[in-house]
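Only one structure is covered here, and it is reproduced in the block below.
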Amino acid sequence: MPPKKRSRDESQEAKSSEQDSAIYELIKSKERSGVSKTDIKASLNLPETQIVKALTSLCAKGLVREVKGARRGLKHYVAAGFEPSEEITGGSWFTDGAIDTEFVSTVSSIVADQVRKLGVATAEDLHETFQRVNLFKSGVSLQQVQQVLTVLKMDGRIEEVKSTGTGISASVMRGKVCYRCCPAKEASAAASVPCLVCPRIRDCTPDGIISPRNCVYYKKWLNF
Numbered sequence: 038m039p040p041k042k043r044s045r046d047e048s049q050e051a052k053s054s055e056q057d058s059a060i061y062e063l064i065k066s067k068e069r070s071g072v073s074k075t076d077i078k079a080s081l082n083l084p085e086t087q088i089v090k091a092l093t094s095l096c097a098k099g100l101v102r103e104v105k106g107a108r109r110g111l112k113h114y115v116a117a118g119f120e121p122s123e124e125i126t127g128g129s130w131f132t133d134g135a136i137d138t139e140f141v142s143t144v145s146s147i148v149a150d151q152v153r154k155l156g157v158a159t160a161e162d163l164h165e166t167f168q169r170v171n172l173f174k175s176g177v178s179l180q181q182v183q184q185v186l187t188v189l190k191m192d193g194r195i196e197e198v199k200s201t202g203t204g205i206s207a208s209v210m211r212g213k214v215c216y217r218c219c220p221a222k223e224a225s226a227a228a229s230v231p232c233l234v235c236p237r238i239r240d241c242t243p244d245g246i247i248s249p250r251n252c253v254y255y256k257k258w259l260n261f
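According to the working numbering, the sequence shown is numbered sequentially starting from 38.
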């Protein structure tokens, strides 16, 4: 008895399933880096309509999730079980692809307060404190603490000094860079420079895709 021929609908469904699987395997292989629709199209040479349909299906099944990236809001897709990398999200400073100014302000206030309480503190001291008490659910890296210290220093709220190893800085190794509070003074516009807390600062060039020319936060600062 000859095998039963597949109906047209069955054939299309099977083809669609194969394409869904191919897209899923591609996304999964990228782990935390994820992929964009453009990446999928370039890798698998599939029509955009099929890619959109497959991604919608995979998201609905909970196999992948959509992540809005910090770079021009470009959407990436990451397989379930993987946390998107900071290259995609922009790190803790960003929420849904936009800089979280409230979070930056909160961290800045807490860092300044800790420096005041300790008398003098190093970036490592502050970072260890945050890690120990688990103050922020999303976590704060040492680099982010250093970025905040730079902002506070330019704002005149703290100053950078080298430990003498005696007196108030006795707990800090002699010659190590540390920070202490400055007398209260009027805040400067430098405190709001977005570049100082931007995780993409190394990728920023005058004529590049990421540049001060097309940065909405930089334009707002210029009009401060």
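Glycine is no exception: its CB is placed at the ideal position from the N, C-alpha and C atoms.
All values derive from a computational prediction rather than experimental measurement.
{"Asked": "Nearest-angstrom Cα distance between G156 and R217?", "Found": "6 Å"}
{"Asked": "Can you tell me whether T201 is buried or exposed? The criterion is at least 16 other CB atoms within 10 Å of its CB, across all chains shown.", "Found": "exposed"}
{"Asked": "What number of angstroms, rounded off, separates the C-alpha of K190 from the C-alpha of Q151?", "Found": "14 Å"}
{"Asked": "Quick one, which of T143, L63, L111 and K90 has its alpha-carbon nearest I247's?", "Found": "L111"}
{"Asked": "Measuring CA to CA, which of V89, E120 and S206 is closest to R69?", "Found": "E120"}
{"Asked": "I'd like to check one pair, G106 with T126: are the Cβ atoms closer than 8 Å?", "Found": "yes"}
{"Asked": "What residue range does the beta strand (DSSP E) around K199 cover?", "Found": "I195 to K199"}
{"Asked": "Tell me, which residues are paired with R211 by DSSP?", "Found": "Beta-bridge pairing links R211 to no other residue."}
{"Asked": "If we count the other Cβ atoms within 10 Å of its Cβ and call it buried at 16 or more, is A79 buried or exposed?", "Found": "exposed"}
{"Asked": "Apart from the five residues on each side of it in sequence, which residues of its chain come closer than 7 Å, Cβ to Cβ, to G71?", "Found": "I64, V104, H113, Y114, V115, P121 and I125"}
{"Asked": "For the alpha helix (DSSP H) holding E161, just list the boundary residues, first then last.", "Found": "A160 to V170"}
{"Asked": "Should A97 be labelled buried (16 or more other beta-carbon atoms within 10 Å of its own) or exposed?", "Found": "exposed"}
{"Asked": "Have a look at the DSSP bridge pairing and note the partners of Y219.", "Found": "Sequence check: residue 219 is Cys here, not Tyr. Answer is none; C219 lacks a bridge partner."}
{"Asked": "Based on Cα-Cα distance, which residue from A160, V214, L186 and R153 lies nearest to S142?", "Found": "L186"}
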